[in-house]
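Undergrad: Structure below; questions to follow.
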Amino acid sequence: MSDDSSVDGGRRAPGDGSPSPHFDLVVRGGTVLDPASGVRRRADIGVADGLVRAIDPDLPVGPTTDVVSASECLVVPGFVDAHTHVYWGGTPLGVDPDALAAESGVTTWIDTGSAGGGNLEGLVRHVIERSPLTIKAFVHLSYVGLVPVGLTETVFGELFDPRLGDERACLRAIEAFAPHVLGVKIRLGATTTGPNAPRALRSARAVADASGLPLMVHVADGPPPLEDALASLGRGDLLTHVFTPGTMGILDGAGRVRDDVWRARERGVLFDVGHGSLSFSFDVARRALEQGFAPDIISSDLHAFNVDGPVFDLPTTLTKFLALGVPLDDAIRLVTTAPGRLLGGARGGLALGGRADIAVVRLEQGSFTLGDGCGALLEHHERLTVVATVLAGKRLRFDPEARRQGKRKPERPVDGRLTPPGGAARGSPSGA
Ligand SMILES: [Zn+2]
């Protein structure tokens, strides 16, 4: 973080007192929206040496400055996707974040439980350390992480065999790769823990306590019941798939947000969207929002089996919340500053002197069909589209072939009813 002396004097060049201002990159003519500072105003952003050096109108550019045009656009912090699966090649779920970042505006990717104690090193060595992106991990209690989730003939949950819930192995991996680790992950449900949920939950809690890290619990169709999951969560822990239609959902039989869910929020439990394939219901989300229960974090749960729909990417997930009535500025906060707190606030803002991770986005007008993964469709008149992504001061280039490879798309039918990102808006000639 810079001190105040670098804030004023809007044309200040990088390096004190330089007579000829020069930025490596300028984001020109957009509306800067930074939920971390509350700034929302027309300004350019000047970047040098990978850092934000100025936020002011009409910044000077030099002959070598990369000028990113942002007219009619919002300029926001690079997105933080708090629930993804990027252990590509190591798990069938994994997508390659390097191939998908440019078009999605996501500069910080949090992998939630793809790796466990037995294979975290692969995620670190082969994905995290080779990528220019910020990638962090929640480590699965299961020794094998999410290796079992794929196109196998039989469903074998990663904790069907309780011996895989190896606390010491999980803790060892967390300690060995501590700079890359944000927390502990466990998936509760009939197809993941099966009858071992109580024991697995105790073990996951024990590892989180021993490491001093938050616990993220995935909920779906039980057993166990939701109350078991909530009972093990405290301040800073996360419940993901908050709007699941499954039996561990947050609504009671009358469609009301359960009392124990409200109480969990009051004690500081964070509720994460984690859209996923089957884990997000428009109906559940709408009812919760109507009762004032907004998510704490909007995340995609992007993986190889939903990257071609219904999830596609984080901006599409965000668009769904706009369609459900969440104000744009709130939605932006929930994909930047809010998840950035998981990294100690080191990401998700546009502070002077901070790393220049920037997304240039616009609200495209048209007619778009959004799907929730449970078969429900929603039409909306606008969507959030990424115009440019800047990572540590450098513009990321779209590469369709890398994207095609990087998605590592499994053979599965694509739902042709949905509007994919970049797809033509029906009834709108240009999209504007
Ligand atoms: Zn997930």
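In my numbering, the protein residues as written are 1 to 432.
Positions of the beta carbon are idealized from the N, C-alpha and C atoms, including for glycine.
Note that the coordinates shown come from a computational prediction; the quantities given were computed from them, not determined experimentally.
I'd like the list of long-range same chain contacts for Asn306, defined as Cβ closer than 6 Å, with 5 residues on each side in sequence excluded.
TA: To locate residue 306, count along the sequence shown from 1; it is residue 306. Closer than 6 Å at Cβ, skipping near neighbours: Ser277.
Undergrad: Who are the Cβ neighbours of Gly150 in its own chain at under 6 Å, not counting the five residues just before and after it?
TA: On the sequence shown, residue 150 is found 150 positions in, with the first residue counted as 1. Counting only Cβ-Cβ distances below 6 Å, and skipping sequence neighbours, we find Pro92.
Undergrad: Phe156 by DSSP, collapsed to three states: which one?
TA: Position 156 of the sequence shown, counted from the first residue, corresponds to residue 156. DSSP places Phe156 in coil when its eight states are reduced to three.
Undergrad: Sort Phe321, Leu314 and Ala304 by Cα distance to Leu289 and report the nearest one.
TA: Against the sequence shown, residue 289 aligns to sequence position 289. Nearest C-alpha to Leu289: Phe321.
Undergrad: Take the Cβ of Asp98 as the centre, count every other Cβ of all protein chains shown within 10 Å, and call the residue buried at 16 or more, exposed below.
TA: For this step, residue 98 is matched to residue 98 along the sequence shown. Its Cβ being crowded by 16 or more others within 10 Å, Asp98 is buried.
Undergrad: Just tell me which of Arg287, Thr112 and Ile135 has its CA closest to the CA of Gly249.
TA: Counted from its first residue, the sequence shown places residue 249 at position 249. Closest by alpha carbon: Arg287.
Undergrad: Just checking Gly276 against ligand 1 - is the residue's beta carbon closer than 7 Å to any of the ligand's heavy atoms?
TA: Reading the sequence shown from its first residue, position 276 is the one you call residue 276. Checking the Cβ of Gly276 against ligand 1 gives yes.
Undergrad: Are there 16 or more other CB atoms within 10 angstroms of the CB of Asp81, so buried, or fewer, so exposed?
TA: Here residue 81 refers to the residue found at position 81 when the sequence shown is read from its first residue. The residue in question, Asp81, is buried, as its Cβ has 16 or more Cβ neighbours within 10 Å.
Undergrad: Sorry if obvious, but does the Cβ on Asp301 come closer than 7 Å to a heavy atom of ligand 1?
TA: For the purposes of this step, residue 301 is taken as the residue at position 301 of the sequence shown. Yes, the beta carbon of Asp301 sits closer than 7 Å to at least one heavy atom of ligand 1.
Undergrad: Anyone know if the C-beta pair for Val139 and Gly116 falls short of 8 Å?
TA: If you number the sequence shown from 1, residue 139 lands on position 139. If you number the sequence shown from 1, residue 116 lands on position 116. Result yes, Cβ atoms of Val139 and Gly116 sit closer than 8 Å.
Undergrad: Touching or not, the region 389-403 and the region 324-338, by the rule of three or more beta carbon pairs under 8 Å?
TA: Result no; under three Cβ-Cβ pairs closer than 8 Å.
Undergrad: If you draw a straight line from the alpha carbon of Asp415 to that of Gly309, how long is it in whole angstroms?
TA: The residue labelled residue 415 in the question sits at position 415 within the sequence shown. The residue labelled residue 309 in the question sits at position 309 within the sequence shown. If you take the alpha carbons of Asp415 and Gly309, they lie about 7 Å apart.
Undergrad: Could you tell me which residues DSSP puts in a beta bridge with Leu33?
TA: The count along the sequence shown starts at 1 and reaches residue 33 at position 33. BP columns for Leu33 point to Arg40.
Undergrad: Taking the continuous alpha helix (DSSP H) assigned at Val284, which residues delimit it?
TA: Residue 284 sits at position 284 when you count from the first residue of the sequence shown. Taken as a continuous stretch (DSSP letters only), the alpha helix (DSSP H) holding Val284 covers Phe282 to Glu290.
Undergrad: Taking all protein chains shown into account, do 16 or more other C-beta atoms lie within 10 angstroms of the C-beta of Asp301, making it buried, or fewer, making it exposed?
TA: Counted from its first residue, the sequence shown places residue 301 at position 301. So Asp301 ends up on the buried side.
Undergrad: Taking Cβ positions, are Val39 and Val75 nearer each other than 8 Å?
TA: The residue you call residue 39 lines up with position 39 of the sequence shown. The residue you call residue 75 lines up with position 75 of the sequence shown. No. Outside cutoff.
Undergrad: Examine ligand 1 and report whether any of its heavy atoms sits within less than 7 Å of the Cβ of Thr112.
TA: Stepping through the sequence shown from its first residue, residue 112 is reached at position 112. Result yes, Cβ under 7 Å from ligand 1.
Undergrad: State buried or exposed for Ala204, treating a residue as buried only when at least 16 other CB atoms are found within 10 Å of its CB.
TA: Numbered from its first residue, the sequence shown carries residue 204 at position 204. The residue in question, Ala204, is buried, as its Cβ has 16 or more Cβ neighbours within 10 Å.
Undergrad: Are the region 229-238 and the region 166-179 in contact at 8 Å, needing three or more beta carbon pairs?
TA: Not touching, per the Cβ criterion.
Undergrad: Select from Gly422, Thr337 and Gly353 the residue whose C-alpha is nearest the C-alpha of Pro445.
TA: Because residue 445 is not part of the residues shown, which for the chain are 1 to 432, the question remains open.
Undergrad: Relative to the C-alpha of Val144, which residue among Asp357, Ser131, Glu153 and Arg187 is closest?
TA: The residue you call residue 144 lines up with position 144 of the sequence shown. Residue Arg187 is the option with its Cα nearest to Val144.
Undergrad: Have a look at Pro214 and Leu238 and give me their C-alpha separation to the nearest angstrom.
TA: As a working mapping, residue 214 is identified with position 214 in the sequence shown. As a working mapping, residue 238 is identified with position 238 in the sequence shown. Answer to the nearest angstrom: the Cα atoms are 7 Å apart.
Undergrad: Taking all protein chains shown into account, do 16 or more other C-beta atoms lie within 10 angstroms of the C-beta of Val269, making it buried, or fewer, making it exposed?
TA: Reading the sequence shown from its first residue, position 269 is the one you call residue 269. That one is buried.
Undergrad: Along the chain, which unbroken stretches of the beta strand (DSSP E) at least 3 residues long are found entirely within the region 207-282?
TA: Complete beta strand (DSSP E) runs here, min 3: 215-218, 238-240 and 270-272.
Undergrad: Where does Ile298 sit, in a helix, a strand or coil, going by DSSP?
TA: If you number the sequence shown from 1, residue 298 lands on position 298. If DSSP states are grouped into helix, strand and coil, Ile298 belongs with coil.
Undergrad: Under the assumption that Thr385 contacts Arg362 (Cβ atoms under 8 Å), give the Cβ distance between them as a whole number of angstroms.
TA: Stepping through the sequence shown from its first residue, residue 385 is reached at position 385. Stepping through the sequence shown from its first residue, residue 362 is reached at position 362. Sure, about 6 Å apart at Cβ, within 8 Å.
Undergrad: Of all the options Pro162, Leu120, Glu153 and Ala101, which has the alpha carbon lying nearest to the alpha carbon of Thr134?
TA: Here residue 134 refers to the residue found at position 134 when the sequence shown is read from its first residue. It is Ala101 whose Cα lies nearest to the Cα of Thr134.
Undergrad: Given a threshold of 16 other Cβ atoms within 10 Å of its Cβ, counted over all protein chains shown, does Pro315 qualify as buried or as exposed?
TA: Here residue 315 refers to the residue found at position 315 of the sequence shown. Classification of Pro315: buried, given that the 10 Å Cβ count is 16 or more.
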